[in-house]
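Novice: Structure in structure tokens, see below.
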Amino acid sequence: MVVWSGFYLQTKGGLCRFHLPRRDLSGENRYFYPMNQSPKKPNETRPDWAPDQPDDAFAVRVVSGVDGGHDGLPASAPRDAAQASSKRRPDLSVEDHVKGVLANERTVLARTITLIESASPHHQQKARAVLEQLLPHAGRSIRVGVSGVPGAGKSTLIEALGMYLISQGHRVAVLAVDPSSTVTRGSILGDKTRMEQLSREPNAFIRPSPSGGTLGGVARKSRETITACEAAGYDVILMETVGVGQSEITVRSMVDFFMLVLIAGGGDELQGIKKGIIEITDAVVINKADGDNIQRAKLAVADYARALHWLKPATRGWETTAYRCSAVTGEGISDLWETILRFGKITRENGQFDERRRQQTVEWVRQMIADHLMDAFYHHEAVKSMLDEVDSQVQSGSLLPSAAVDRLLGAFRSGS
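Numbers 5 to 420, taken from the working numbering, label the letters of the sequence shown in order.
In structure tokens:
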């Protein structure tokens with residue numbers, strides 16, 4: 005039996021009702037096409053509507069469909085193969101997550117990071133249990149933050165550096181953060197496409213994540229993601245931030261070495277050395293120092309080196325300076341890594357490396373407290389019940405923003 009759905013079609017004979025098959029209750033796939041004759045084959049059925057005039061070719065006949073060979077399925081695939089392939093994978097237990105990450109099973113690592121980034125209270129509780137077991141296995145990497153203006157070639161530089169590190173026997177995890185749209189809340193997550201070579205390397209793991217509106221150019225769960233990658237055995241963590249400018253400073257509280265990637269000829273160099281992100285930088289890297297741009301890159305390095313000389317170093321015992329490199333030709337990539345190694349050696353000897361790690365752990369705790377308080381505030385029943393009304397009053401000008409804050413916080417405190 006075929007269930008038919010009709011619509012109207014203008015013909016030369018007037019307005020005619022045209023039927024299309026919506027579902028075949030017998031379980032057979034069928035398709036339709038115009039005809040003006042009676043069914044010719046036994047497996048063809050004629051709809052319960054036909055034109056009044058024999059020359060009106062607007063009826064259809066329905067024939068048996070195919071069992072396979074479509075939607076990417078082989079011709080011998082069963083009819084429900086598509087549904088079977090789309091079945092939800094079984095959830096992993098806490099032990100499965102921990103065991104898979106420690107064994108560097110990339111699929112399990114990716115699912116663990118997805119669990120960490122989830123906003124579901126159930127997933128957050130499960131992620132905490134996983135991280136508690138992974139934390140003793142983390143902390144054995146060098147964490148490098150990469151920031152810079154859009155178009156400076158951060159992704160290309162990371163790929164060149166990552167390929168060099170893999171050739172030296174390292175295992176590299178790249179945490180790339182894409183800005184989330186303020187309109188749709190979505191992200192393109194296209195950084196992986198810029199790292200085509202690195203993404204094919206078995207000793208590299210690339211994880212793009214949305215910023216989710218988090219300020220500072222990083223994702224909300226970036227610290228937890230670093231822990232998972234380190235537990236999986238990656239000894240170099242490269243964190244690429246969204247590149248939004250001088251406000252992009254949160255990454256400093258997550259990494260050991262922080263580099264700012266710039267390009268020569270990008271405008272007023274004075275803008276680049278204003279107080280802000282430049283003060284937390286361990287190295288200024290002038291990228292795209294190749295072709296006709298080599299001379300300009302040399303001048304830019306000299307300008308930044310003179311300016312950095314008058315600024316307080318971001319790390320005690322380390323002198324911030326400028327370098328030039330080309331992610332395309334590879335020139336300067338090995339020197340950049342040697343600089344990072346020298347930084348690690350100096351800071352470990354003077355105790356700054358361990359001190360920074362301890363301070364970052366404290367900041368991690370404070371950030372989690374802030375996140376939990378914000379979630380508790382916006383999920384509070386009294387706050388939710390009056391939030392729309394308060395917003396409306398603020399927009400109309402009948403309520404001051406400061407008074408709105410006092411009212412909402414008062415409702416939160418009274419009900420807590």
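We put the CB at the ideal spot given by N, CA and C, even for glycine. Here the structure is a predicted model, which is why all the values come from computation and not from measurement.
Please return the same chain residues whose Cβ sits closer than 6 Å to the Cβ of Asp272, not counting the five positions on each side in sequence.
Specialist: No answer about Asp272 holds up, because its pLDDT of 48 lies below 50 and its placement is not dependable.
Novice: Taking 7 Å as the limit between beta carbons, can you name the residues of its chain near Ile210, skipping five residues before and five after?
Specialist: These residues qualify, in order along the chain: Val178, Ala180, Lys196, Met199, Leu202 and Ser203.
Novice: Can you give the Cα-Cα distance for Val289 and Met243, rounded to whole angstroms?
Specialist: If I take the Cα positions, the gap works out to 15 Å.
Novice: Taking 6 Å as the limit between beta carbons, can you name the residues of its chain near Ala133, skipping five residues before and five after?
Specialist: Contacts found: Val98.
Novice: Can the beta-carbon of Ala293 be found closer than 8 Å to that of Ala306?
Specialist: For Ala293 and Ala306, no; Cβs fall outside 8 Å.
Novice: Helix, strand or coil: how does DSSP classify Tyr238 here?
Specialist: Three-state result, Tyr238: coil.
Novice: List the endpoints of the continuous beta strand (DSSP E) containing Val148.
Specialist: Element bounds for Val148: Ile146 to Gly152.
Novice: Please determine, among Val398, Val112 and Thr231, the residue with the shortest C-alpha to C-alpha distance to Trp368.
Specialist: Looking at the Cα atoms, Thr231 is the closest of the given residues.
Novice: Give me whichever residues DSSP pairs with Tyr168 in a beta bridge.
Specialist: According to DSSP, which records beta bridges pairwise, Tyr168 is partnered with nothing at all.
Novice: Please classify Asn291: does DSSP put it in a helix, a strand, or coil?
Specialist: Correct three-state label for Asn291: strand.
Novice: Could you tell me the alpha carbon to alpha carbon distance between Asn207 and Leu106, rounded to whole angstroms?
Specialist: Spanning the two alpha carbons is a distance of roughly 15 Å.
Novice: With three or more C-beta pairs closer than 8 Å as the rule, is the segment 145-154 touching the segment 118-132?
Specialist: No, because fewer than three Cβ pairs between the segment 118-132 and the segment 145-154 fall closer than 8 Å, the two stretches do not touch.
Novice: Quick check on Lys225: buried or exposed, where buried means 16 or more other Cβ atoms within 10 Å of its Cβ?
Specialist: Lys225 is buried by the Cβ-count criterion.
Novice: For a test of the three-state rule: what should DSSP assign to Leu266, helix, strand or coil?
Specialist: Note: Leu266 maps to strand in three-state DSSP.
Novice: For Ala2, name the three-state secondary structure that DSSP assigns.
Specialist: Outside the modelled stretch of the chain, which goes from 5 to 420, sits residue 2, for which no answer is possible.
Novice: If you reduce the DSSP assignment to three classes, tell me which class Glu121 lands in.
Specialist: In the structure shown, Glu121 sits in a helix (DSSP, three-state: H, G or I).
Novice: On a CA-only basis, which of Ala123, Leu303, Ala236 and Lys388 is nearest Val102? Give me that one, please.
Specialist: The candidate whose alpha carbon is nearest that of Val102 is Ala236.
Novice: Taking the alpha carbon of Pro317 as the point to measure from, which residue in Ile284, Thr343 and Leu113 has its own alpha carbon closest?
Specialist: Measuring from the Cα of Pro317, the nearest candidate turns out to be Ile284.
Novice: Using three-state DSSP, classify Thr319 as helix, strand or coil.
Specialist: Thr319: coil per DSSP, three-state reduction.
Novice: Taking the alpha carbon of Glu163 as the reference point, which residue from Asn108, Val332, Thr229 and Arg256 has its own alpha carbon closest?
Specialist: Among Asn108, Val332, Thr229 and Arg256, the Cα nearest to that of Glu163 is on Val332.
Novice: Quick one: what does DSSP say Arg92 is sitting in, helix, strand or coil?
Specialist: Arg92 falls in the coil class under three-state DSSP.
Novice: On the three-state DSSP scale, how would you describe Ser213?
Specialist: Residue state, collapsed to three classes: strand.
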